[in-house]
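Enquirer: Okay, here's the structure, questions in a sec.
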């Protein structure tokens, strides 16, 4: 069975003592170093001492800057570099340490941090006089020869504040600013998505992984480049995202994340990005607990990115690496997960939660398979695995009139699980597409429950037969010539039917297994 790129990267659990990672029930500030009593260093030295080691470059988040640049430390620094009245120094300190919740006041926290790092803290008064505050950053190079700096917005005129500076000093300010301008990923108050369009110089707030974690990621098989996307494991610094509450709401741990980057080929365009984004916005773990939850999106260096919670593995990997004892607890867990993913699919097919849509619409996933079912660890005491439907790259959302008449040529087939309508001449695709693929998934699931990886291999061998093209495949149906020899009809392979009957006779087969097999063998559905 061909496998395709997915937002999964397995990893080794970080140590609870790793201060770069927030534990599930902590706030982002709990992961910052305790520097309340560290007053032995100069302020610029203190900044360098506590900067965050990123995957590629070091950086400071806004929360970290606030912890370092306290009002007391800022005033002490200003007294040492400025000959000004106490009231004026206090005014500067108030602007540097301004409450971020007061949106009406200008802040100079990042500006002063940059000035400290380039050795010019005494210039803060000139920046305040010119109202060159944090909101005006980043400044950009206007003239490469002179390294003159201007605002990123019009008009493009050299900033007089930098006129007395040497060229090397202006260049240093421009390059250093990116170390404090790292993004903080979050949603709006109503849980809608913010649109992050990041400049190419942006330092992404991914924490550097230890050698232990790098080896773990390598051994687990870094996902790398796939047909549609590339997925990477990242540790977003806890003060650079605001996903803590959302993760608690969907009962997931949130120490590491998966970042899906659309490929540079046909999929990395506005239309494909919006199609997948719209589906992920409609269907998420906030709507149904067995749907994957998109946390954020951003565009960076002309590529579209999605941020998801990181799964432990996908269902295919789980099947291959896990042997569960067949007992009551396993049956309860399995029934809960099978019910959950079917309920999630029903939410896609019949999105009754979308009451704002004046026209009745129906969804279709289009790519149900074991690779696209993710296994997450719940944050409850039991640490149960939660199965979640993911990857909406091939999904669609149709009006009532068009929900069942989509030409099969317009729909990419799913290897292994693909339904008959994909191969029949003139066939059309509907929500029944997903029902077939879900039936295939259920059958493999109960096969694994009764006999583990070995049973699944046996099943795959038995249903691998010669297709009408002459090639062998493991799909679940066969095409037969019609009586007039002018076309084909599809039927479930006898090998699949025989396998189902064998499972019914298995010594470990229970009423639960029989119920699942009855669901799989339903011959007709209404769409």
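Residue numbers (the UniProt record's numbering): 1 to 527. Yeah, the Cβ is synthetic: ideal placement off N, Cα and C, and Gly gets one too.
1) Would you be able to state if there are at least three C-beta pairs under 8 Å between the segment 448 to 466 and the segment 502 to 512?
2) Should residue 528 and residue 241 be called a contact, given that it needs their Cβ atoms to be closer than 8 Å?
3) Measure the alpha-carbon distance for residue 457 versus residue 252 and round it to whole angstroms.
4) Between which two residues does the alpha helix (DSSP H) carrying residue 458 extend?
5) Which same chain residues, not among the five before or five after residue 113, have their C-beta less than 6 Å away from its C-beta?
6) Going straight from the alpha carbon of residue 56 to that of residue 49, what length do you get?
7) Tell me which residues share the same chain as residue 38 and place their Cβ nearer than 7 Å to its Cβ, disregarding the 5 neighbours each side in the sequence.
8) What does a CB cutoff of less than 7 Å around residue 496 pick up in its chain, not counting 5 residues either side in sequence?
9) Can you tell which of 493, 100, 236 has the C-alpha that lies nearest to the C-alpha of residue 461?
10) Identify every run of the beta strand (DSSP E) within the segment 103 to 158, keeping only runs that are complete inside it and at least 3 residues long; order them along the chain.
11) To the nearest whole angstrom, what separates the beta carbons of residue 119 and residue 82, a pair I think is in contact under 8 Å?
12) Would you list the one or two residues that DSSP bridges to residue 571?
13) What span of residues does the alpha helix (DSSP H) with residue 522 cover, start to end?
14) Who pairs with residue 251 in a beta bridge, going by DSSP?
15) To test your reading of the DSSP string, which unbroken beta strand (DSSP E) runs of 3 or more residues are found completely within the segment 56 to 107?
16) Could you tell me the distance, in whole angstroms, from the CA atom of residue 5 to the CA atom of residue 276?
17) Tell me the rounded alpha-carbon separation between residue 345 and residue 437.
18) Mapping DSSP to helix, strand and coil, what is residue 349?
19) Comparing C-alpha positions only, which one of 62, 85, 125, 97 sits nearest to residue 72?
20) Could you compute how far the alpha carbon of residue 124 sits from the alpha carbon of residue 52?
21) With a threshold of 6 Å on Cβ separation, who are the neighbours of residue 378 within its own chain once the five nearest residues in sequence on each side are excluded?
22) Assuming residue 286 and residue 191 are in contact, meaning their beta carbons sit under 8 Å apart, how far apart are those beta carbons, in whole angstroms?
23) Per DSSP, which residues does residue 259 bridge with? Please list them.
24) Give every residue of the same chain whose Cβ lies closer than 8 Å to the Cβ of residue 246, excluding the five residues on either side of it in the sequence, and list them in chain order.
25) Take the Cβ of residue 332 as the centre, count every other Cβ of all protein chains shown within 10 Å, and call the residue buried at 16 or more, exposed below.
26) Between which residues of its own chain and residue 440 is the CB-CB distance below 6 Å, once the five residues before and five after are set aside?
Expert: So, from the listed chains and residues:
1) yes
2) There is no way to answer for residue 528, as the model of the chain reaches only from 1 to 527.
3) 32 Å
4) 432 to 463
5) 65, 180
6) 18 Å
7) 46
8) 463, 476
9) 493
10) 139 to 143, 148 to 151
11) So it is not a contact: roughly 15 Å between Cβ atoms.
12) An answer regarding residue 571 cannot be provided, because it is not within the stretch 1 to 527 covered by the chain.
13) Taken as a continuous stretch (DSSP letters only), residue 522 belongs to no alpha helix (DSSP H), as it is neither H nor E.
14) Bridge partners of residue 251 according to DSSP: none are assigned.
15) none
16) Unreliable positioning characterises residue 5 in this predicted model, as indicated by a pLDDT of 40, which lies under 50. A coordinate reading is not provided.
17) 11 Å
18) helix
19) 97
20) Roughly 25 Å separates the two Cα atoms.
21) 251, 384, 386
22) 7 Å
23) 232, 307
24) For residue 246, where only same-chain residues beyond five positions count, the Cβ hits under 8 Å are 187, 191, 286, 293, 295.
25) exposed
26) 417, 476
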